[in-house]
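Heads up: take any position in the sequence shown, counting from 1, add 6, and you land on my numbering. We put the CB at the ideal spot given by N, CA and C, even for glycine. None of the values given here were measured: they were computed from a predicted structure.
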Amino acid sequence: MASCGAEDRLAPVTTDRTPALERLGRLLAPAGGGVYLFSTGKAAQRAVQRRIYRLSDDADDGAIEAAHRRVLAAAGGARVVVLGVPTDTGAGFVRGANQAPLEIRRHLVERGPDLLGRPEAADVGDVRVVPHLLADDMLAEPQIRACRAALYEDGDVALPVSPLDMASRALSDLAEIAPKAVPIVIGGDHSVGWPAFAAAFARAERQGMRLGLLHFDAHTDLLPHRLGVRICFATWAYHANELLGRDGRLVQVGIRASGRDRGHWEASLGVRQIWAEEARRRPVDDVVAEIVERFERLGVDAVYVSNDIDGTDPAFAAATGTPEPGGLSPEQVRGITRGVLARFPLWGADLVEVAPPLAHEVPGEPERTLATAAAYLADYVDAVVAG
Ligand SMILES: [Mn+2]
């Protein structure tokens, strides 16, 4: 398979020279465009996209798509690639995380920081989401064929049609065209943590690297399945921990809503949990020292961060589907993240469960949640660029 060398990066945007780059052009929409809109919301979506791509106020969808292709074609030189996966089909009772990839970028272009305009970062766009689907293994073949015909010009191309599988394929293609870039995934509900972590794990295995998984959440997400569904917001961490061999490399911080106590999860699954009450009581440096010591003892080379915004207290992030009182402050989340990433390189990250349609009754929301999310993303980009 052809590599994406310097000359490819400078090639005209219409030339998809590698199969991976061509696939990415099919799997991905321009940034903020992964949610399919026809009339309602379309003008607002287009206005954000013009600002993301620094286009004029009269730029049409063709100009936005051309700008997206240019970013994709140049992504081989990036140190960070940002991918939106705007699905909330894997969520529970309350939804709305599908709007986070557009709204977080809107917040970034309107209020900063200018993460996506940095030369080291490539915002490669969004998975094109069919909102009724989650994973291809839940679908009958005729439905897969029908969605392929709708999503891809060449309808018989053997590409996935569901958000989790499309994210998985996109991340493996990104690893090919931008092998030195760290992927940062914006969800979406926490089901997207599965393809994001699994892709990072596979890339680490190929390079002989051992990953540690640092997971912020109010919930454990450690069910093997939920109502017969294998991958959703409540199960992804179980499967990630299986990939890690239940050997202690999953550290969960901020837990405070679980049907079982800490001892149950630590004894049965080998995880380490620092519940919210403990994390708030201990100095940040003390928590960092424990996690660093653990990862060092277990031979970890690099860290993946999965950040469910509901690990953060609702005072700073109320716009989420399952808020729980008593969470961490952004200073605590950021202090722990920065401390661990000062010792280990960041290998990949996801930021999930930001649900902009929610909490409008709370003064300052959802902008406060979006600002918290933007600060977390800035820490990931800074960790890579500084590293
Ligand atoms: Mn979660």
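Roughly how many angstroms separate the alpha carbons of residue i and residue j, rounded to a whole number?
{"i": "Ala53", "j": "Ala35", "result": "15 Å"}
{"i": "Ala224", "j": "Glu330", "result": "7 Å"}
{"i": "Pro166", "j": "Ile297", "result": "37 Å"}
{"i": "Gly260", "j": "Ala243", "result": "14 Å"}
{"i": "Gly333", "j": "Pro320", "result": "7 Å"}
{"i": "Val188", "j": "Asp388", "result": "12 Å"}
{"i": "Ser174", "j": "Trp200", "result": "9 Å"}
{"i": "Gly218", "j": "Ala37", "result": "29 Å"}
{"i": "Asp171", "j": "Ala155", "result": "17 Å"}
{"i": "Glu147", "j": "Ala176", "result": "21 Å"}
{"i": "Pro336", "j": "Phe322", "result": "7 Å"}
{"i": "Pro25", "j": "Ala205", "result": "18 Å"}
{"i": "Arg111", "j": "Ser264", "result": "32 Å"}
{"i": "Ala12", "j": "Ala73", "result": "For Ala12, the predicted model reports a pLDDT of 37, less than 50, meaning its position is unreliable; a value from the coordinates is still stated below. Using only the alpha carbons, I get a separation of about 19 Å."}
{"i": "Arg85", "j": "Leu108", "result": "22 Å"}
{"i": "Arg303", "j": "Val309", "result": "14 Å"}
{"i": "Trp353", "j": "Val390", "result": "9 Å"}
{"i": "His245", "j": "Leu228", "result": "8 Å"}
What does DSSP give as the partner residue(s) for residue i in the beta ladder?
{"i": "Thr318", "result": "Leu334"}
{"i": "Asn313", "result": "Phe222 and Leu357"}
{"i": "Val235", "result": "Arg232"}
{"i": "Arg278", "result": "Val257"}
{"i": "Leu352", "result": "Val309"}
Could you have a look at residue i and say whether DSSP puts it in helix, strand or coil?
{"i": "Ile192", "result": "strand"}
{"i": "Val346", "result": "helix"}
{"i": "Val455", "result": "With the chain running from 7 to 393 in the structure shown, residue 455 is simply not present."}
{"i": "Val41", "result": "strand"}
{"i": "Ala35", "result": "strand"}
{"i": "Leu250", "result": "coil"}
{"i": "Leu217", "result": "strand"}
{"i": "Asp267", "result": "coil"}
{"i": "Asp227", "result": "coil"}
{"i": "Glu296", "result": "helix"}
{"i": "Ala12", "result": "Residue confidence is low: Ala12 scores 37 on pLDDT, short of 50, so the model does not pin down where it sits. Its coordinate-derived value is still stated next. Looking at Ala12 - three-state DSSP - the assignment turns out to be helix."}
{"i": "Glu367", "result": "coil"}
{"i": "Arg286", "result": "helix"}
{"i": "Leu61", "result": "coil"}
{"i": "Pro25", "result": "helix"}
Exercise. May I have a chain-ordered list of the beta strand (DSSP E) segments no shorter than 3 residues that lie completely inside the region 80-159?
Key: 86-91 and 127-133
Quiz item: Near ligand 1, which residues have their beta-carbon less than 5 Å from any of its heavy atoms, given in chain order?
Solution: His196, Asp223, Asp227 and Asp314
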